[in-house]
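Chemist: First, the structure itself, so that you have it in front of you.
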Amino acid sequence: MIRLSLFRNRVWIAFLLIALTLLSLDWSHNRLRMDALFRAVLDVLVAAMLSQVIAYVFSLLLAKRIRGLQALTERLLDAKLPETELPQAEDELGLLNQSLRRMAARIHELLDRLNLESGRREAILASMSEGVLAADSRLQVIFCNDSLARALGAARPVAPGTPILDLVRDPVLVNLLAQVISTGEPLKHKLELSAGEGKSFEAHAAPLAITPHGRGAIIILHDITDIERLERVRKDFVANVSHELRTPLTAIRGYAETLLDGALEDNDNNRRFVEIIQAHAIRLNNIAADLMTLSELESGRPAPAPERVSVRDAIETALTTVESEARVRGVNLQCEDAADLMVLGHKIRLEQALINLMDNAVKFNRRDGEVRVESGLTPEGKVFITVADNGSGIPSDDLPRIFERFYRVDKARSREVGGTGLGLSIVKHVVERMNGAVRVDSSLGKGATFTIFLPALADPQ
Numbered sequence: 000m001i002r003l004s005l006f007r008n009r010v011w012i013a014f015l016l017i018a019l020t021l022l023s024l025d026w027s028h029n030r031l032r033m034d035a036l037f038r039a040v041l042d043v044l045v046a047a048m049l050s051q052v053i054a055y056v057f058s059l060l061l062a063k064r065i066r067g068l069q070a071l072t073e074r075l076l077d078a079k080l081p082e083t084e085l086p087q088a089e090d091e092l093g094l095l096n097q098s099l100r101r102m103a104a105r106i107h108e109l110l111d112r113l114n115l116e117s118g119r120r121e122a123i124l125a126s127m128s129e130g131v132l133a134a135d136s137r138l139q140v141i142f143c144n145d146s147l148a149r150a151l152g153a154a155r156p157v158a159p160g161t162p163i164l165d166l167v168r169d170p171v172l173v174n175l176l177a178q179v180i181s182t183g184e185p186l187k188h189k190l191e192l193s194a195g196e197g198k199s200f201e202a203h204a205a206p207l208a209i210t211p212h213g214r215g216a217i218i219i220l221h222d223i224t225d226i227e228r229l230e231r232v233r234k235d236f237v238a239n240v241s242h243e244l245r246t247p248l249t250a251i252r253g254y255a256e257t258l259l260d261g262a263l264e265d266n267d268n269n270r271r272f273v274e275i276i277q278a279h280a281i282r283l284n285n286i287a288a289d290l291m292t293l294s295e296l297e298s299g300r301p302a303p304a305p306e307r308v309s310v311r312d313a314i315e316t317a318l319t320t321v322e323s324e325a326r327v328r329g330v331n332l333q334c335e336d337a338a339d340l341m342v343l344g345h346k347i348r349l350e351q352a353l354i355n356l357m358d359n360a361v362k363f364n365r366r367d368g369e370v371r372v373e374s375g376l377t378p379e380g381k382v383f384i385t386v387a388d389n390g391s392g393i394p395s396d397d398l399p400r401i402f403e404r405f406y407r408v409d410k411a412r413s414r415e416v417g418g419t420g421l422g423l424s425i426v427k428h429v430v431e432r433m434n435g436a437v438r439v440d441s442s443l444g445k446g447a448t449f450t451i452f453l454p455a456l457a458d459p460q
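First residue of the sequence shown: 0, per numbering that gives the first Met the number 0; consecutive thereafter.
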């Protein structure tokens, strides 16, 4: 409420001045009578009182309108403005009221737009697979999404204001943020976080100009673990292919040169040399064929439409294929009565996977050894196909890597029996394409057991 004390004081002072002036007149020279003087003073008092009443009423009305404007300005950001309205007058307060309400509508529109954009940005940052961390100049968290919290092994969500040192235990990452904040220059660094379970990250850090406490920094972590693994696999693959091709090519070239240098006339050895050249040529052909098969399986191209495949027929075809090799090596093949189970896939690929498993079981077995093939349903309703041998077995250290391309447990014997080192890798890809899995159990000196699990296909009624 507007206080009019100063206004009132001025009115009373004016009244006193007038009274004193009138009283100070020289009564002997003043022709006015005493009653006229009293009437004049009374008129002045009445006029002063009326002016006080009018000023008081006006101040009440003015204070009420100003309080309405005050309530309006204090709630400009509220969703619902106060209902207090000024009269639709064209005075200054009425125009100010209209301007404030128009401004409030625009402010609400801008706030809604900002909230929408802020929500979108937070949703995008939160759903990113890359880790995002923003920090201020005091190395306190401004924003941290779930991906980065998982990479750091921190509890989620990370509250703003958390010190970086309480969140990150890797000095490389902390130093990277501190360096960007101090220099204002973007940096890139490759690192491995201690809580990242052996994962590799590429960190991109850049200065963040707008923070509550001056310049900050934002860092984005890209998980490059798979990229580096693929790069290692590519390098190993190139090295292994070069090595696998060099051995037979060197043998072919050496025996061919020997024949050209005069061994063609050596009737005791020329045939044997040609047979060696042929054997290495067959080995090269097998490597090329397996590489083409593996390339097709890994290409990602859509496979032909799957068909119903009889497990019993695939097992019988594979047994027929390796029977001659088993007879030459003195290995006994045994197959239990296989149930006529059906799976969804590709008959030729499943036969190829079974041939690879049985061929390995025969080649890496002992003489008078045994290979057993079984099939049936697991308690969970999956089809299983087991190929077991009683050969030398596989060392436990080698078990995690036997499905890698060109990986061999016994390199000397593998080359002796003509293996390409790609058979088990082909088996793994074939089975996975049929939505199945392959498992190996082995003990050194007690043989190995490979088991394929495939989804069972119900017989049509």
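Note that CB positions come from ideal geometry on N, CA and C, so glycine has one too. Small disclaimer: the values here were computed from a predicted structure and weren't measured.
Do Arg105 and the ligand MG come close, with the Cβ less than 7 Å from some heavy atom?
Modeler: This structure simply doesn't include the ligand MG, nor any ligand for that matter.
Chemist: Can you have a look at Gln333 and say buried or exposed, based on whether 16 or more other CB atoms are within 10 angstroms of its CB?
Modeler: Counting from one through the sequence shown, the residue named residue 333 turns up at place 334. Per the 10 Å Cβ criterion, exposed.
Chemist: Considering only residues of the same chain and omitting the five flanking positions on each side of Gln351, which have a CB-CB separation below 8 Å?
Modeler: To locate residue 351, count along the sequence shown from 1; it is residue 352. Taken in chain order, the residues that qualify are Thr292, Ile425, Val429.
Chemist: Distance, Cα to Cα, Asp289 vs Val273?
Modeler: Within the sequence shown, numbered from 1, the residue matching residue 289 stands at position 290. Within the sequence shown, numbered from 1, the residue matching residue 273 stands at position 274. Approximately 24 Å between the Cα atoms of the pair.
Chemist: Quick one: give me the first and last residue of the alpha helix (DSSP H) that Gly152 is part of.
Modeler: Taking the sequence shown and counting its residues from 1, the one referred to as residue 152 is at position 153. From DSSP, Gly152 is part of no alpha helix (DSSP H); its letter is neither H nor E.
Chemist: So, Lys381 versus Ala455, is the Cβ gap smaller than 8 Å?
Modeler: To locate residue 381, count along the sequence shown from 1; it is residue 382. To locate residue 455, count along the sequence shown from 1; it is residue 456. It is a contact, given that the beta carbons lie within the stated cut-off.
Chemist: Going straight from the alpha carbon of Asn331 to that of Lys198, what length do you get?
Modeler: The residue given as residue 331 occupies position 332 in the sequence shown. The residue given as residue 198 occupies position 199 in the sequence shown. Spanning the two alpha carbons is a distance of roughly 47 Å.
Chemist: Could you pull the DSSP bridge partners for Arg307 from this structure?
Modeler: Numbered from 1 along the sequence shown, position 308 holds the residue referred to as residue 307. BP columns for Arg307 point to Leu343.
Chemist: Give every residue of the same chain whose Cβ lies closer than 6 Å to the Cβ of Ile219, excluding the five residues on either side of it in the sequence, and list them in chain order.
Modeler: Looking up residue 219 in the sequence shown gives position 220. Excluding residues within five positions, the ones whose Cβ falls inside 6 Å are Glu129, Val131, His203.
Chemist: Could you check the C-alpha separation between Thr320 and Cys143 for me, to the nearest Å?
Modeler: Here residue 320 corresponds to residue number 321 of the sequence shown, with the count starting at 1. Here residue 143 corresponds to residue number 144 of the sequence shown, with the count starting at 1. In this structure, the alpha-carbon of Thr320 lies about 60 Å from that of Cys143.
Chemist: Would you mind sorting Phe363 into buried or exposed? The rule is 16 or more other CB atoms within 10 Å of its CB.
Modeler: Within the sequence shown, the letter at position 364 stands for residue 363. With 16 or more Cβ atoms within 10 Å of its Cβ, Phe363 is classed as buried.
Chemist: Sorted by chain position, which residues of the same chain lie with C-beta nearer than 7 Å to Leu147's C-beta, five sequence neighbours on each side aside?
Modeler: Working through the sequence shown from its first residue, we reach residue 147 at position 148. Closer than 7 Å at the Cβ level, and outside the excluded window around Leu147, lie Gly130, Val131, Leu132, Leu220.
Chemist: Determine the closest residue to Gln139 out of Gly160, Leu398, Leu49, Val232, with distance taken between C-alpha atoms.
Modeler: Along the sequence shown, one-based indexing puts residue 139 at 140. When only C-alpha atoms are compared, the closest one is Gly160.
Chemist: Going by C-alpha to C-alpha distance, which of Leu164, Ala205, Ile163, Asp169 sits closest to Met183?
Modeler: By one-based count along the sequence shown, residue 183 stands at place 184. According to the sequence provided, residue 183 is Gly. The question's Met does not apply to it. Looking at the Cα atoms, Ala205 is the closest of the given residues.
Chemist: Give the DSSP bridge partners of Ala436, in chain order.
Modeler: If you number the sequence shown from 1, residue 436 lands on position 437. According to DSSP, which records beta bridges pairwise, Ala436 is partnered with Phe452.
Chemist: Hey, out of Gly435, Phe402, Gly329, whose CA is closest to Gly422's CA?
Modeler: The residue given as residue 422 occupies position 423 in the sequence shown. Nearest C-alpha to Gly422: Phe402.
Chemist: Would DSSP call Leu85 helix, strand or coil?
Modeler: Against the sequence shown, residue 85 aligns to sequence position 86. With a pLDDT of only 46 at Leu85, under the threshold of 50, the placement of this residue in the model should not be trusted; the figure read from the coordinates follows. It is coil, neither helix nor strand.
Chemist: Taking Val287 and Ile251 to be in contact with their CB atoms under 8 Å, please state how far apart those CB atoms are, rounded to whole angstroms.
Modeler: Here residue 287 refers to the residue found at position 288 when the sequence shown is read from its first residue. Here residue 251 refers to the residue found at position 252 when the sequence shown is read from its first residue. The sequence given here has Ala at residue 287, not Val. Not quite, the Cβ-Cβ distance comes to about 14 Å (not below 8 Å), so this is no contact.
Chemist: Tell me the DSSP secondary structure of Val140 in three-state form.
Modeler: As a working note, residue 140 is residue 141 in the sequence shown. Under the three-state reduction of DSSP output, Val140 falls in the strand class.
Chemist: Buried or exposed: Ile106, going by 16 or more other Cβ atoms within 10 Å of its Cβ?
Modeler: Taking the sequence shown and counting its residues from 1, the one referred to as residue 106 is at position 107. It counts as exposed.
Chemist: Please report the distance separating the alpha-carbon of Glu227 from that of Asn434.
Modeler: Here residue 227 is taken as the residue at index 228 of the sequence shown, counted from 1. Here residue 434 is taken as the residue at index 435 of the sequence shown, counted from 1. Computed Cα separation, rounded: 27 Å.
Chemist: Hey, out of Arg245, Val308, Thr257, Glu295, whose CA is closest to Arg282's CA?
Modeler: Counted from its first residue, the sequence shown places residue 282 at position 283. When each option's Cα is compared against that of Arg282, the closest is Arg245.
Chemist: In whole angstroms, give me the CA-to-CA distance for Leu340 and Arg438.
Modeler: The sequence position of residue 340 within the sequence shown is 341, counting from 1. The sequence position of residue 438 within the sequence shown is 439, counting from 1. Rounded to whole angstroms, the separation of the alpha carbons of Arg438 and Leu340 is 20 Å.
Chemist: What do you reckon, are the CB atoms on Thr385 and Thr316 nearer than 8 Å?
Modeler: Position 386 of the sequence shown, counting from 1, holds the residue named residue 385. Position 317 of the sequence shown, counting from 1, holds the residue named residue 316. Their beta carbons are not under 8 Å apart, which means Thr385 does not touch Thr316 by this criterion.
Chemist: Going by C-alpha to C-alpha distance, which of Arg231, Met48, Val173, Leu443 sits closest to Gly215?
Modeler: If you number the sequence shown from 1, residue 215 lands on position 216. Cα-wise, what sits closest to Gly215 is Val173.
Chemist: By how many angstroms is the C-alpha of Val370 removed from the C-alpha of Val308?
Modeler: As a position in the sequence shown, residue 308 is number 309, starting the count at 1. As a position in the sequence shown, residue 370 is number 371, starting the count at 1. Near 23 Å, if we compare the C-alpha coordinates of Val370 and Val308.
Chemist: For Lys189, I'd like the list of residues in its chain whose CB is within less than 6 Å of its CB, leaving aside the five on either flank, ordered along the chain.
Modeler: Within the sequence shown, numbered from 1, the residue matching residue 189 stands at position 190. Result list for Lys189: Glu201, in chain order.
Chemist: Run through DSSP, which three-state label would Val370 get?
Modeler: Translated into positions along the sequence shown, residue 370 becomes position 371. Correct three-state label for Val370: strand.
Chemist: Just the Cα atoms here: how many angstroms apart are Leu31 and Ser50?
Modeler: Along the sequence shown, one-based indexing puts residue 31 at 32. Along the sequence shown, one-based indexing puts residue 50 at 51. For Leu31, the pLDDT reaches just 49, beneath the cut-off of 50, and the residue's location in the model is therefore unreliable, leaving the point undetermined.
Chemist: My output table needs one value for Lys198: the three-state DSSP class, helix, strand or coil.
Modeler: Indexing the sequence shown from 1 puts residue 198 at position 199. Of the three classes helix, strand and coil, the one that applies to Lys198 here is coil, per DSSP.
Chemist: In its own chain, which residues sit with a C-beta less than 7 Å from the C-beta of Val327, not counting the 5 before and 5 after it?
Modeler: Here residue 327 refers to the residue found at position 328 of the sequence shown. Its chain contains no residue whose beta carbon lies nearer than 7 Å to that of Val327 once the 5 sequence neighbours on both sides are disregarded.
Chemist: What would DSSP say about Thr182, mapped onto helix, strand or coil?
Modeler: Start at 1 with the first residue of the sequence shown, and residue 182 comes out as number 183. Three-state result, Thr182: helix.
Chemist: According to DSSP, is Leu443 part of a helix, a strand, or is it coil?
Modeler: As a first step, residue 443 is located in the sequence shown; it is residue number 444 there, counting from the start. Coil at Leu443, not helix or strand.
Chemist: So, Gly446 versus Gly390, is the Cβ gap smaller than 8 Å?
Modeler: Here residue 446 is taken as the residue at index 447 of the sequence shown, counted from 1. Here residue 390 is taken as the residue at index 391 of the sequence shown, counted from 1. Going by C-beta atoms, Gly446 is nearer than 8 Å to Gly390.
Chemist: If you reduce the DSSP assignment to three classes, tell me which class His28 lands in.
Modeler: For the purposes of this step, residue 28 is taken as residue 29 along the sequence shown, with counting starting at 1. For His28, the pLDDT reaches just 46, beneath the cut-off of 50, and the residue's location in the model is therefore unreliable, leaving the point undetermined.
Chemist: From which residue to which residue does the beta strand (DSSP E) around Asn331 run?
Modeler: As a position in the sequence shown, residue 331 is number 332, starting the count at 1. Unbroken beta strand (DSSP E) run through Asn331: 331-334.
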